[in-house]
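Note sheet for the following structure.
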(Lines of atoms letter the chains of each structure in order from A and count residues from 1; the text may use other names and numbers.)
(Lines give C-alpha, C1' and ligand atoms only; values in the text may rest on other atoms or scores of the structure.)
Protein backbone atom coordinates (compact mmCIF):
# COMPACT_ATOMS: atom_id res chain seq x y z
CA UNK A 1 0.00 0.00 0.00
CA UNK A 2 1.22 3.48 -0.81
CA UNK A 3 2.35 5.81 1.95
CA UNK A 4 -0.30 8.29 3.10
CA UNK A 5 0.48 11.95 2.55
CA UNK A 6 -0.07 14.60 5.26
CA UNK A 7 -3.12 16.06 3.51
CA UNK A 8 -4.75 12.64 3.31
CA UNK A 9 -3.95 11.88 6.97
CA UNK A 10 -5.42 15.25 8.03
CA UNK A 11 -8.69 14.66 6.17
CA UNK A 12 -8.87 11.10 7.51
CA UNK A 13 -8.48 12.30 11.11
CA UNK A 14 -11.30 14.84 10.72
CA UNK A 15 -13.64 12.43 8.94
CA UNK A 16 -13.10 9.60 11.42
CA UNK A 17 -13.88 11.99 14.29
CA UNK A 18 -17.14 13.14 12.66
CA UNK A 19 -18.45 9.84 11.24
CA UNK A 20 -20.70 7.36 13.02
CA UNK A 21 -18.89 4.54 11.17
CA UNK A 22 -15.24 5.70 11.00
CA UNK A 23 -14.00 2.25 9.98
CA UNK A 24 -16.01 2.55 6.75
CA UNK A 25 -14.47 5.87 5.66
CA UNK A 26 -12.28 5.51 2.57
CA UNK A 27 -10.12 8.32 1.19
CA UNK A 28 -8.38 8.14 -2.15
CA UNK A 29 -5.75 10.62 -3.30
CA UNK A 30 -5.25 11.32 -7.00
CA UNK A 31 -2.63 13.64 -8.47
CA UNK A 32 -2.78 14.91 -12.04
CA UNK A 33 -1.78 17.99 -14.03
CA UNK A 34 -4.51 20.06 -12.35
CA UNK A 35 -3.44 19.22 -8.78
CA UNK A 36 -4.45 16.93 -5.94
CA UNK A 37 -7.93 15.44 -5.56
CA UNK A 38 -9.00 13.81 -2.30
CA UNK A 39 -12.14 11.69 -2.72
CA UNK A 40 -14.15 10.52 0.27
CA UNK A 41 -16.58 7.61 0.61
CA UNK A 42 -18.43 7.02 3.87
CA UNK A 43 -21.02 4.61 5.26
CA UNK A 44 -24.53 5.41 3.90
CA UNK A 45 -25.89 5.96 7.42
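Numbering (my numbering), first residue to last: 236 to 280. Heads up, the beta-carbon is just placed ideally off N, CA and C, and yes, glycines get one too. Being a predicted model, the structure only gives us computed values, none of them experimental.
Within the same chain, 263 come within 6 Å of residue 274 by CB-CB distance, once the 5 residues on both sides are set aside. Taking 8 Å as the cut-off, the beta carbon of residue 271 is found no closer than this to the beta carbon of residue 260. One alpha carbon belongs to residue 238, the other to residue 269, and they sit about 21 Å apart. Distance from the CA atom of residue 241 to the CA atom of residue 254, rounded to whole angstroms, is 20 Å.
Just measuring C-alpha positions, the residue of 266, 245, 258 sitting nearest residue 277 is 258.
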